[in-house]
Structures are given as structure tokens and as C-alpha cells.
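A quick write-up on the structure given underneath.
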Amino acid sequence: MSSHEFITINKEIAMRVLKKMALATLVAGCVLNATALLAAPAADRQIALQMYTLRNVGTLEQQFFLTQSAGFSAVELVGDQGVSRDELNRLLKKYNLTVTSAHVQLEALRRQLPETIAFNRAVGNKVLVVPYLQPADRPTNARGWQKLGEELNALGARLRKEGMRLAYHNHDFEMKKYQGKTGLEWLVDATRPNNLALEIDAAWVSRGGQDPVRLIKRTRIGCLPCTPKTTPVSGYATMNATSRPWARACWLGVKSSR
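Taken in order, the sequence shown gives residues -39 to -1, 1 to 219; the numbers are from mature numbering (1 follows the signal peptide of the UniProt record, and there is no 0).
Listed below in C-alpha cells is the structure:
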């Protein structure tokens, strides 16, 4: 199959998938019609595509092509996307995409912070998001979550001095309670709002048995774009097949983990 044929076929698939995802996008609690969303001027859209969504689709250039074709003008990166900063800048410019944030593993922040800062600054990104804790890094008690929060607070303070911002993306394991509070709450309470923001994954909060809206209000910390995802009690589903209170959340990011 030629590159052109690949792009044509996958564009059709991606357009169907991404338009369905756009139907689920809520801004300020209002449901947006997918057609109106995709037809709106780029400057009016506050929607970014998480590049993890297209991780199994061709090359990075093909992924950016599909992203632009689906009407997105911004992306959230996964690390360095496996390319040099010069190549990433070339592709971002070619497809008129800007970077809203990047998922960066905690280990990279611990061991390669100067390099990580330099790379992201070079591609115009100012927000680094801890996307996932490896099992070995997951605290097992309240004090452990506090210590992790203290570490992230220090990292966030250092990034702030560099003109950048640190955020944390949750899954369901942070929803386990210790002494009456979730792990995420213990973590957040050990930080200062200007040193750590949250990128709330509402589906994982719900799957973890907690209310996303209550959690957002409880943490009293700045939130980056929330991530709408279609996770029922187990596995994945279409948005209409889930029982989540989506109308009460504000979603500004689009992602599929399937």
C-alpha cells in the first residue's frame, strides 16, 4: 500500500472516530454540535487532541495530517513523539498545529529535567504533565502520597522559575482512600496551587468510584483541560453507552485510549 493510499484510508477512519469524539466534547457545560465545532474558525476552538489517541496510526506526519484534517489546531504531545525537536517543529508548522502541553514521565522529570525543559521550550510548550505512575512509584499510604506531592511541588516550583508549569494526570488508582481522603487529595494538599495543576481524567475518577465534579471542587487547584473518555465499569464503550454525569464537567481535551 502506498503512503497516499494509507493516508486516504486512515483519514476516513480517523475522521469518523474524531467526529464522534467531538460530539462528546463539552465546553462550559454546554454540548457542542460536532459539525459546528469542526466548522468553527480555528481561533474559536479550544480543543486539543491527545496524540496518544493516534499512537497506532502510521508515522507522526500521518498522525498530524489526520489531526489537522479532523479540525484540530492543537495537540498534547506524548514525550518527544520519537523525533528531534527540529523535526517536530517542522511538522507542527507544516500542519498548523500548536502544542498545549506534553505528557512527560516522572522518571524523565527526575533525571532529565534540563533536557526536558529545553526540548519543550524549543517546540513552544510550557506545560509538562505527569501522565501515569509506574507501579513502583505508586504510594501505598497517606504519607507516601504526601511525599509524592512534596516532590511534585518542588518540581513545579523549579519549572515555574523556567516559565513553565507542571500538572498531574490521574487514573483510577489515585481514587483509593487513605484515612478518609483519596490518594490524589493527599497529593494535592501537599502542593501549592501555583506549583501543580491537575489534568483531570474524569472517566478514571468515575471508574475509581469518585465524583469528578466533587473532586475538582474539593482540590481547589488549577485544572488544565479535562479529558473525556468512554470508560464504563470495565473495558471501553461509546459515550452514549456510559453512565457518567458528563454534562456537569467542562472538557477541553479529546483522547481515546483504545
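Beta carbons are placed, not taken as given, at the ideal position from N, Cα and C, and that holds for glycine.
Computed from a predicted structure; not experimentally measured.
- In the structure shown, Gln11 falls within a strand segment according to DSSP collapsed to helix, strand and coil.
- Taking all protein chains shown into account, Thr14 has 16 or more neighbouring C-beta atoms within 10 Å of its C-beta and is therefore buried.
- If you ignore the 5 residues before and after Glu160, its C-beta comes within less than 6 Å of the C-beta of Val90, Ala128, His130, Leu185, all in its own chain and listed in chain order.
- Sequence-distant partners of Glu123 (beyond 5 residues in either direction) whose C-beta falls short of 7 Å from its own C-beta, in its chain, are Ile78.
- Distances from the CA of Gly169 to each of Asp162, Arg175, Phe134 were compared; the closest alpha carbon is that of Phe134.
- At a Cβ-Cβ threshold of 8 Å, Phe33 and Leu10 count as neighbours.
- Proximity of the segment 68 to 82 to the segment 24 to 32 falls short of the contact definition, fewer than three beta-carbon pairs being nearer than 8 Å.
- Every beta strand (DSSP E) stretch that sits fully inside the segment 90 to 153 and reaches 3 residues is listed by chain position as 126 to 130.
- For the 8 Å CB-CB criterion, Gly110 and Trp165 do not form a contact.
- Collapsing the DSSP output to three states places Thr20 in coil.
- When only Cα atoms are considered, Leu113 and Gln42 end up about 23 Å apart.
- Take the alpha-carbon of Gln140 and the one of Ala151: they are about 15 Å apart.
- For Glu37, DSSP records a beta bridge to Gln11, Ser62.
- Asp162 counts as buried, since at least 16 other C-beta atoms from the protein chains shown sit within 10 angstroms of its C-beta.
- Among the bridge pairs identified by DSSP, Val84 is matched with none.
- With contacts defined as CB atoms closer than 8 Å, Arg46 and Ala69 fail to qualify as a contacting pair.
- Taking C-beta separations shorter than 7 Å and ignoring five residues to either side along the sequence, the partners of Arg99 in its chain run Phe134, following chain order.
- Rounded to whole angstroms, Gly144 and Arg153 show a C-alpha spacing of 16 Å.
- Non-local C-beta neighbours of Ala35 in its own chain, meaning closer than 6 Å and more than five positions away in sequence, comprise Ala9, Thr59, Thr61, ordered along the chain.
- A check of alpha carbon separations from Gly40 across Gln171, Ala158, Tyr93, Lys137 identifies Tyr93 as the nearest.
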